[in-house]
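Protein chains in written order, with my numbering: chain A, 1 to 363; chain B, 364 to 646; chain C, 647 to 961. Backbone N, C-alpha and C define an ideal beta-carbon position, used for all residues, glycine too.
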Amino acid sequence: MTDLDDTAPARAIPRAPAEGLDARLVVDRGGFRLDVELTAAPGEVVALLGPNGAGKTTALRALAGLVPLTDGRLLLDGVSLDRTPPESRPVGVVFQDYLLFPHLTALDNVAFGPRCRGATKAEARAQAAEWLDRMGLAEHAGAKPRNLSGGQAQRVALARALATRPRLLLLDEPMAALDARTRLEVRAGLRRHLAGFEAVAVLVTHDPLDAMVLADRLVVVEHGRVVQEGTPADIARRPRTDYIAQLVGLNLYRGRADGHTVRLDAGPAITTSEELSGPAFVAFPPSAVALFRDRPTGAGARNLWRCEVAGLETYGDRVRAGLTGELPLAADLTTVAAAELGLHPGAPVWAMVKATQTHAYPA
Amino acid sequence: MTKPATTTPGGVGGGPRRTRLRRGTRAVPVPLLLPALAGLAFLLLPLVSLLVRAPWRDLPEQLASAEVWQALRLSLVCATSATLLSLLVGVPLAWLLARTEFPGRGLVRALVTLPLVLPPVVGGVALLLAFGRNGVVGQWLDSWFGITLPFTTTGVVLAETFVAMPFLVISVEGTLRAADPRYEEAATTLGASRFTAFRRVTLPLIAPGVAAGAVLAWARALGEFGATITFAGNFPGRTQTMPLAVYLALQYDPAAAIALSLVLLAVSIAVLAGLRDRWMTAS
Amino acid sequence: MHRRSPDGRRPPDPDKGPDAVGLPDSCPRPQREWPVSTRSVRSIRRTRPALRVAGAGAALLLALSACSSSGSDSGSGSGEAGSSGSSSGKLSGTVTVFAAASLKESFTELGKEFEERHPGTEVAFNFGGSDSLAASITSGAPADVFAAASGRTMEIVTKADGTAGTPAVFARNQLEIATAPGNPDRISTLKDLTRSGLKVVLCDESVPCGAAARKALAAAGLDLTPVSYEQDVKSALTKVELDEADAALVYKTDVRAAGDKVEGVDFPESAEALNDYPIALLKDAPNAGAAKAFVDLVSSAEGQKVLTDAGFRKP
Chain A
1 MTDLDDTAPA RAIPRAPAEG LDARLVVDRG GFRLDVELTA APGEVVALLG
51 PNGAGKTTAL RALAGLVPLT DGRLLLDGVS LDRTPPESRP VGVVFQDYLL
101 FPHLTALDNV AFGPRCRGAT KAEARAQAAE WLDRMGLAEH AGAKPRNLSG
151 GQAQRVALAR ALATRPRLLL LDEPMAALDA RTRLEVRAGL RRHLAGFEAV
201 AVLVTHDPLD AMVLADRLVV VEHGRVVQEG TPADIARRPR TDYIAQLVGL
251 NLYRGRADGH TVRLDAGPAI TTSEELSGPA FVAFPPSAVA LFRDRPTGAG
301 ARNLWRCEVA GLETYGDRVR AGLTGELPLA ADLTTVAAAE LGLHPGAPVW
351 AMVKATQTHA YPA
Chain B
364 MTKPATTTPG GVGGGPRRTR LRRGTRAVPV PLLLPALAGL AFLLLPLVSL
414 LVRAPWRDLP EQLASAEVWQ ALRLSLVCAT SATLLSLLVG VPLAWLLART
464 EFPGRGLVRA LVTLPLVLPP VVGGVALLLA FGRNGVVGQW LDSWFGITLP
514 FTTTGVVLAE TFVAMPFLVI SVEGTLRAAD PRYEEAATTL GASRFTAFRR
564 VTLPLIAPGV AAGAVLAWAR ALGEFGATIT FAGNFPGRTQ TMPLAVYLAL
614 QYDPAAAIAL SLVLLAVSIA VLAGLRDRWM TAS
Chain C
647 MHRRSPDGRR PPDPDKGPDA VGLPDSCPRP QREWPVSTRS VRSIRRTRPA
697 LRVAGAGAAL LLALSACSSS GSDSGSGSGE AGSSGSSSGK LSGTVTVFAA
747 ASLKESFTEL GKEFEERHPG TEVAFNFGGS DSLAASITSG APADVFAAAS
797 GRTMEIVTKA DGTAGTPAVF ARNQLEIATA PGNPDRISTL KDLTRSGLKV
847 VLCDESVPCG AAARKALAAA GLDLTPVSYE QDVKSALTKV ELDEADAALV
897 YKTDVRAAGD KVEGVDFPES AEALNDYPIA LLKDAPNAGA AKAFVDLVSS
947 AEGQKVLTDA GFRKP
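What follows is the structure in structure tokens.
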């Protein structure tokens, strides 16, 4: 009950918390309508996660003032920004490919914001040097953007956005321009900087890993709507749409729970460890699926389905098998096991999942 | 530049040259090469002929005349002023055409390019009707400020600007359209007004295009004849630019005309080559 | 080029193909009658460059050149016949006349007259600055007659050995002061032009009207600084017509041709700077016979009347 006591008053405040972001972003653009509710407290990092074309970037541009709101509200620290032009908003943006001004050095890129906000040239440069130093880029201050590595450019872009001391930091796919190898290192660095940022940060990404590593809270957007919201752990454990389930690598089914059994809307029943009743989701990871060439004997008949291999993909030393049949699902196994089973597209298999490895939650 | 030798397996020693040769013949198909050479010859032949038939012996004498240098100086001053004037109003005009939406923009763009197709003499007459002593605007300039433009050096600059500015506007507009407008957005989110964003971000980004347009405009202004002689008349030292001097010299002394043309040619080549090294390669 | 056909419209293309056009038919041999002269002239003029470009055999080229040289050889004979007025019907083909711009009005009229007198002929004019015309002729432009606005420009052609016979002066032109209608600045003498604040345009000295203006001013002992030295007499006049200039020194004929758009003021010093207009048959004239007849028409009493009506003085 203490949990409830903590959250209830927060929800009771109608709108406009004194600090942080409180927005409902409605943008009508031709056949597409974005309608997203977004709130965040200072110090919080929120990730807008969703497939391409879901409207994440539009939401970000609306926050920055680059796209006008059709409807809704935008309050930052209690002040409405709805009518404020972008150059007057206390908002910093790290763009997808950073958009560092190619004709300016790293230092002058970072100094650009302070200069526009009224600092003298010397002041702006001093501030910029400080930011670059903080990013570990002091020795690259004089470099032109084309001579910076992807990771360095991203840090310069971050420094440039932070140098205006924004109350809202927006990051548009901050990792998209990086190759897989530098991503790991850059992600860790970005996480450190975001953790140290005292105001609201909103991050747009289609990469669940980025979202989960960088953000305190995820807002999943599909077709212009919020479909799920919560902590990364929560969303990873309890996805509510196929998109999220795929993102986090879970098999997800929806059905009606009755005790330890969830009868799926279409298909068989799944026995679960949780006891529920009413509409429910069942999720289990592909690694929880065991495959057999022949029907396993001795084991109870629970959660055993007759399937057929539809496709195979390798991930390092593991193979993911996509199965069709009684229950469509994804199963992970080692390459050795896959070879022993003689898996090939069209091969019949038996798939089994232990009830203890499933996770059921109300829909 | 790609390194040629890396892709040839086997013959490492003879690789580079062979590859380069093969690449050379492969890169230029004959149906393109022949017309290209014909075009080049067509452009260069008249210029070469000018050099061949130039009265080299009399040249020092021809060039000793003060009028030649007066006309040349006037040409350079006027063409440069016209280019600066074109930059001052042409770049903002190009920005307006490339970055804003307003009704009739297509029509405005067409009108801007009109001086390109208008015979320059007609342009000169139109300028007289607008800025002449009795012109639509000119009569007010005359009666309010006592300013008359025909027969003045300012008139020459105006005539050259009228003919040369479309080149600049078209060139800059093209560059602006090709430039990523998101840089302006990025500047905006950093607190820059739209004008600051233009001045400090867009303008440096499109600088090569602006320079190219300015060079085009300058070259066009330097060679301007029809509109200038019609609007500004012909008076040595005041409105007689090199093309006018060449034209009038042609009436009685073709050798002098060729000498003048050579001077103009030499100066243009020197300036364009100099600018090319400094500006055009920056893009 | 100003081209006019006798009936004012273009005759249809000949039915026979270009290669079937009888080359002998189009050779201006004066003793022959031409049933379809304008047609054949047009088609030969059109096909000639095409044939050359196509390189259609040296024989053809020889035939063409023989054709034109035979025409000019027998030209004097035909001219004599023309002057006697007895064989006007035997002329045909196009007469190409290069004439000074100031002759446009009067020569156009004379051209019409000529075509009426000699059905089957056509007079094509190229009006322009005498210097450029002279330059074109010496570079080989196909012309029959050259009428220049100054002896100097005619000399360019005679020196290049381009004329057949000695050029004859057929008219003289006199300068006049052109002012806005009503003469608002009350200019009555050449000296009035030197008044300060008055905008005067002169022709450039490289063109005849400019040379004449200088001569007249020198005769009057005046030092006049114009606002512009215009490239030809028409642009000088235009500046007055558009009221950009208060006055211009132009030819009397130009003032007359401009009608009531300008007003002319005579001045005595103009007599010191009369401009001679020589006319000459050209040596390489493709149609010498008809050309000679045209020259004669210009010098005849009728021709002189047209010219004096236009403001020229008799030589």
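Relative to the C-alpha of residue i, which residue among the options is closest?
{"i": "A:A177", "options": "A:H103, A:A355, A:G259, A:Q154", "result": "A:Q154"}
{"i": "A:A266", "options": "A:H260, A:D258, A:E275, A:Y253", "result": "A:Y253"}
{"i": "A:E274", "options": "A:T358, A:R263, A:A236", "result": "A:T358"}
{"i": "A:V349", "options": "A:A363, A:E326, A:P362, A:V26", "result": "A:E326"}
{"i": "A:V79", "options": "A:R167, A:T120, A:R33", "result": "A:R167"}
{"i": "B:G554", "options": "A:V110, A:D172, A:L264", "result": "A:V110"}
{"i": "B:G576", "options": "B:V532, B:A541, B:P544, B:Q614", "result": "B:V532"}
{"i": "B:V485", "options": "B:A427, B:F588, B:P606", "result": "B:F588"}
{"i": "C:L848", "options": "C:E876, C:L839, C:I925, C:E761", "result": "C:E876"}
{"i": "C:D930", "options": "C:V815, C:G739, C:V791", "result": "C:V791"}
{"i": "A:L21", "options": "A:G30, A:A64, A:F32, A:G55", "result": "A:A64"}
{"i": "A:V67", "options": "A:F95, A:V26, A:E123", "result": "A:V26"}
Name the DSSP bridge partner or partners of residue i?
{"i": "A:T39", "result": "A:D22"}
{"i": "C:A824", "result": "C:A894, C:G910"}
{"i": "A:W350", "result": "A:F292, A:R306"}
{"i": "C:T809", "result": "C:L928"}
Taking just the CA atoms, how far does residue j sit from residue i?
{"i": "A:A201", "j": "A:R115", "result": "23 Å"}
{"i": "B:G495", "j": "B:G487", "result": "10 Å"}
{"i": "B:I592", "j": "A:A129", "result": "58 Å"}
{"i": "B:W581", "j": "B:L447", "result": "9 Å"}
{"i": "C:G828", "j": "C:V886", "result": "12 Å"}
{"i": "B:L451", "j": "C:T835", "result": "47 Å"}
{"i": "B:G498", "j": "B:L625", "result": "37 Å"}
{"i": "A:L38", "j": "A:R125", "result": "35 Å"}
{"i": "C:P695", "j": "B:S506", "result": "Confidence at C:P695 is low in this model, with a pLDDT of 42, below 50, so its placement is unreliable and the value that follows should be read with caution. Whole-angstrom Cα-Cα distance: 57 Å."}
{"i": "B:Y610", "j": "A:G150", "result": "60 Å"}
{"i": "A:H206", "j": "A:L49", "result": "5 Å"}
{"i": "C:S718", "j": "C:A937", "result": "Low local confidence applies: a pLDDT of 38 at C:S718 is under 50, so the model's placement there is unreliable, with the coordinate-based value given in what follows. Rounded to the nearest angstrom, the two C-alpha atoms are 10 Å apart."}
{"i": "A:V353", "j": "A:T261", "result": "14 Å"}
{"i": "A:E230", "j": "A:V219", "result": "For the sequence presented, residue 230 of chain A should be read as Gly rather than Glu. Each residue's Cα considered, the two are about 7 Å apart."}
{"i": "B:L403", "j": "C:D807", "result": "37 Å"}
{"i": "A:R181", "j": "B:P394", "result": "47 Å"}
{"i": "A:L333", "j": "A:L209", "result": "22 Å"}
{"i": "B:G509", "j": "B:W503", "result": "9 Å"}
{"i": "A:N52", "j": "B:L408", "result": "58 Å"}
{"i": "A:D152", "j": "A:L132", "result": "A quick correction: the sequence has Gln, not Asp, at residue 152 of chain A. Using only the alpha carbons, I get a separation of about 10 Å."}
{"i": "C:L706", "j": "C:L737", "result": "Low confidence applies to C:L706: its pLDDT is 39, below 50, so where it sits in the model is not reliable enough to give any reading."}
{"i": "A:Y98", "j": "B:V526", "result": "41 Å"}
Identify, in the order they occur along the chain, each residue of the same chain with its Cβ nearer than 6 Å to the Cβ of residue i, setting aside the five sequence neighbours on each side.
{"i": "C:A789", "result": "T742, F744, I783, L928"}
{"i": "C:S716", "result": "Note that C:S716 has pLDDT 37, beneath the 50 cutoff, so the model's placement of it is unreliable and the number below is only indicative. The answer is none, since no qualifying residue turns up."}
{"i": "A:G249", "result": "none"}
{"i": "C:T799", "result": "S776, D777, A780"}
{"i": "A:R183", "result": "M175"}
{"i": "A:R187", "result": "V213"}
Residues in its own chain within less than 8 Å of residue i by CB, not counting five upstream and five downstream?
{"i": "C:A795", "result": "A746, A747, S748, L749, S776, N819, P854, C855, N921, Y923"}
With a CB to CB cut of under 7 Å and the five nearest residues on each side skipped, what residues in its chain are close to residue i?
{"i": "B:Q433", "result": "P599, G600"}
{"i": "C:R902", "result": "A956, G957"}
{"i": "A:V45", "result": "L194, A201, L203, L214, A215, D216"}
{"i": "A:G311", "result": "G322, P345"}
{"i": "A:G237", "result": "The sequence shown places Arg at residue 237 of chain A, not Gly. Taken in chain order, the residues that qualify are H359."}
{"i": "A:I244", "result": "V220, Q228, I235"}
Length at least 4, wholly inside the region 545–631 of chain B: the alpha helix (DSSP H) runs in chain order: Uninterrupted alpha helix (DSSP H) stretches at least 4 residues long and entirely within the region 545–631 of chain B occur at 545–552, 557–560, 570–585, 589–594, 605–615, given in chain order.
Runs of alpha helix (DSSP H) lying entirely within the region 205–278 of chain A, each at least 4 residues, in chain order: Here the runs fully enclosed are 208–214, 232–237, 242–247.
Any alpha helix (DSSP H) of 4 or more consecutive residues that is wholly inside the region 51–104 of chain A: Runs of the alpha helix (DSSP H) lying entirely within the region 51–104 of chain A and spanning at least 4 residues, in chain order: 56–64.
Complete alpha helix (DSSP H) runs within the region 123–203 of chain A (minimum length 4 residues, chain order): Correct list: 150–162, 180–195.
Completely contained alpha helix (DSSP H) runs for the region 447–500 of chain B, where each covers 4 or more residues: Taking only runs of at least 4 residues, the alpha helix (DSSP H) segments lying wholly in the region 447–500 of chain B are 468–475, 477–480, 483–494.
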